[in-house]
Amino acid sequence: MKKIALLMILGLSISFAHAQAKFGVKVGANYSNLSGDLTDEDANQSKVGFLAGITANFPLSSDNFVSIQPELLYSQKGYQFQKDEVTIDNARYEFKGKRNFNYLDLPVLVKINAGPIFFEAGPQFSYLLGVRDNREVTLIGSGIDSKEWDKIEKDNLSELEVGYVAGLGFQAPMGIGVGLRYNGSVNALAKEDQDELVNARHSVFQLQLSYMLGGSN
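As structure tokens, this is what we get:
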């Protein structure tokens, strides 16, 4: 997977070396959760995370109606626990806290520029930088105080993730833009079956603000 990502970057660099490229920056927010066949799905709630990075746009036509847009983004994904009680195997548990997954995302998008409105879609390759697991679980009625339980580690997760992106937005001529995206993953989050992460995949809605240097045209 690392070789595939490097080859894609090299290929893009060679293909667009002589194109009239535009470069820019992005910031925004993720609204993320897990999808798939989850064993305690009712306990998982969506959480808000941060994203930021750089982008480049390479026109494929003289009027810039179609372009290729690779990006490199730091992205916080994950989920949180807000439900008071969850029943698992006839026992009642209380969940609290959150799980954060920090990624370096490389989406490579085909972008349709219909005036100030744009549409975009393409594959995304993500590298897991680290995990912060703050989940705590209490067995209700046991008299035992809340404690850490089933912490997950980066070694148990897929380090590289293949996904997809689709979105739309508005790009003003002076270079300021706003976009709404959805991105999901194809491969499972965990390397092996691991409690509630069996067949789990990231599911993320993104609201992005961007600025293209020199304007969008």
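Read left to right, the sequence shown gives residues 212 to 428 (our numbering). We put the beta carbon where it would ideally sit given N, CA and C, even for glycine. Predicted model only: the values in this text are computed from it and were never measured.
- Look at Lys365 here: in three-state DSSP terms it is helix.
- Bridge partners of Arg346 according to DSSP: none are assigned.
- Look at the beta carbons and you see the segment 270–288 touching the segment 237–247: at least three pairs across the two are nearer than 8 Å.
- Close CB contacts of Tyr422 within its chain, under the 6 Å cut and outside five residues either way in sequence, are with Gly235, Val236, Gly386 and Ile387 (chain order).
- Within the model, the alpha-carbon separation for Phe416 versus Ser273 is close to 32 Å.
- According to the DSSP assignment, Gln280 belongs to the beta strand (DSSP E) that extends over Val277 to Phe292.
- With contacts defined as CB atoms closer than 7 Å, Asn313 and Leu340 qualify as a contacting pair.
- DSSP, reduced to helix, strand and coil, places Leu420 within a strand of the structure shown.
- DSSP places Gln231 in the coil class of the three-state scheme, outside both helix and strand.
- Taking all protein chains shown into account, Gly378 has 16 or more neighbouring C-beta atoms within 10 Å of its C-beta and is therefore buried.
- C-alpha of Val389 to C-alpha of Asn301: approximately 47 Å in a straight line.
- Taking all protein chains shown into account, Pro384 has fewer than 16 neighbouring C-beta atoms within 10 Å of its C-beta and is therefore exposed.
- Taking Val376 as reference, the option from Gln231, Lys258 and Pro281 with the minimal CA-CA separation is Pro281.
- Secondary structure of Asn324 (DSSP, three-state): strand.
- Put simply, the backbone Cα of Asn345 is about 17 Å away from that of Asp366.
- When the alpha-carbon of Ser257 is set against those of Thr266, Lys307 and Val238, the nearest one is in Lys307.
- Ranked by Cα distance from Gln419, the options Gln231, Thr266 and Asn255 are led by Thr266.
- In this structure Pro327 is exposed. Its beta-carbon is surrounded by fewer than 16 other beta-carbon atoms within 10 angstroms.
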